[in-house]
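Take a look at the structure set out below.
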Ligand code: SAM
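In my numbering, the protein residues as written are 315 to 650.
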């Protein structure tokens, strides 16, 4: 084990989110709007993507720098062919907290293979239980029922506890918040509300679209009393609240109204191997060229250290309506 790698704000590198594809079969209006991601959009070609072997090699090197948690994401990770092979390769490290975020559209078919490959947990995105609202948001007419079937199957095969992420956008799905809480309360799954963020520069973000977590907590509390509880660990993204009747917990991810940059230990690797040190970054560092050269593991390791040691990102702490207009990298590319 090497000494922990620290950035300029004394934050260690602990988590790595890996995007395995920039493609998605949904066109969520707040993430991959159809006007931009239409049929003419140039997604990455297959040979531009990091291979599973390349990802595996990078993960091995990142582990030596102290990375303990890997989240596979995208785009939609389950549209990458044979993803379970990558899971199997990464599950080789038993101490690695390995998880995956998905829209669940293909989960019913894939859950068992993912579990067999060694995946332990899963996070599912679901923005409403109201079919009309959900279909309008995913913009490909994908029904709620199929997502729920995916969740059920994941639960059945043991990919739990399942986290359910709901992005809340004012005037779009905030009317679904209490219904979602009611539905997942007592289910053993953990529902988490995410404040709509100004990631990328194509989703038309404005502060008035954000429903602050405090407001969401008050809405839920009015019907189902909740109280805050301690985080599981320092730097946990979601603030945890428990139902006072003992029927589980909910989480709030308040990247806009209560920024958590000071404890952020996350790096992101795009599908084509660019390393980003912040979700709101404008630029990344190319590791694909390096890994496809004859660079040794030591050289790659040193390159990672160089990127992390100069990291000073704290975008969410200094966000304004003006910074929101910067040309930031898109979430579907960098990985959510
Ligand atoms: N396709 C997968 C999925 O749906 O979970 C993984 C990638 S997706 C980009 C990851 C998460 O980012 C989803 O929960 C999505 O709702 C969330 N997301 C996308 N754009 C967002 C935004 N502007 N603000 C907050 N969350 C966002």
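Virtual Cβ for every residue (Gly too), placed ideally from N, Cα, C. Just so we're clear, the structure is a prediction, and the values are computed from it rather than from any experiment.
Exercise for the section: Would you list, in sequence order, the uninterrupted beta strand (DSSP E) runs of no fewer than 3 residues that lie entirely inside the segment 394-482? Expected result: As far as the segment 394-482 is concerned, its whole beta strand (DSSP E) runs of at least 3 residues are 411-416, 437-439, 477-482.
Practice task
In angstroms with no decimal places, state the Cα-to-Cα distance between residue 432 and residue 376.
Solution key: A direct Cα-to-Cα measurement between residue 432 and residue 376 gives close to 20 Å.
Exercise for the section: Compute the distance between the beta-carbons of residue 588 and residue 601, then report whether it is under 8 Å. Expected result: Closer than 8 Å, so yes.
Exercise for the section: On a CA-only basis, which of 409, 400, 390, 647 is nearest residue 381? Give me that one, please. Expected result: Selected option, being the one with the closest Cα: 409.
Exercise for the section: Could you give the DSSP three-state label for residue 644: helix, strand or coil? Expected result: Three-state DSSP puts residue 644 in coil, outside helix and strand.
Exercise for the section: Name, in chain order, the residues that DSSP records as bridge partners for residue 329. Expected result: Residue pairing for residue 329: DSSP places it in a beta bridge opposite 383, 580.
Handout entry: Cβ pair residue 385, residue 415 closer than 8 Å
Key = Closer than 8 Å, so yes.
Practice task
Measure how close the beta-carbons of residue 555 and residue 541 come, nearest whole angstrom, since I'm counting them as under 8 Å.
Solution key: That belief holds up - the Cβ atoms of residue 555 and residue 541 are roughly 6 Å apart, short of 8 Å.
Exercise for the section: Using three-state DSSP, classify residue 571 as helix, strand or coil. Expected result: DSSP places residue 571 in the coil class of the three-state scheme, outside both helix and strand.
Problem - residue 513 Cβ short of 7 Å to ligand 1 heavy atom set - result: Within the cutoff, so yes.
Exercise for the section: Report yes if the C-beta of residue 342 is less than 7 Å from at least one heavy atom of ligand 1; otherwise report no. Expected result: Under cutoff, so the answer is yes.
Handout entry: Helix, strand or coil at residue 273 according to DSSP, with G and I counted as helix
Key = There is simply no residue 273 to check, as the chain begins at 315 and stops at 650 in what is shown.
Problem - Residue range of the unbroken beta strand (DSSP E) whose run includes residue 589 - result: Residues 588-590.
Handout entry: Per-residue burial, residue 468 [other beta carbons within 10 Å of its own, 16 or more giving buried]
Key = Residue environment: residue 468 is assigned as buried (16 or more neighbouring CB atoms within 10 Å of its CB, all protein chains considered).
Practice task
Can you tell me which of 490, 568, 516, 550 puts its alpha carbon nearest to the alpha carbon of residue 509?
Solution key: Closest option to residue 509, Cα to Cα, is 568.
Exercise for the section: Could you tell me if the beta carbon of residue 599 falls within a distance shorter than 7 Å of some heavy atom in ligand 1? Expected result: Not under cutoff, so the answer is no.
Problem - DSSP-derived helix/strand/coil call for residue 367 - result: When secondary structure is reduced to three states using DSSP, residue 367 falls in the helix class.
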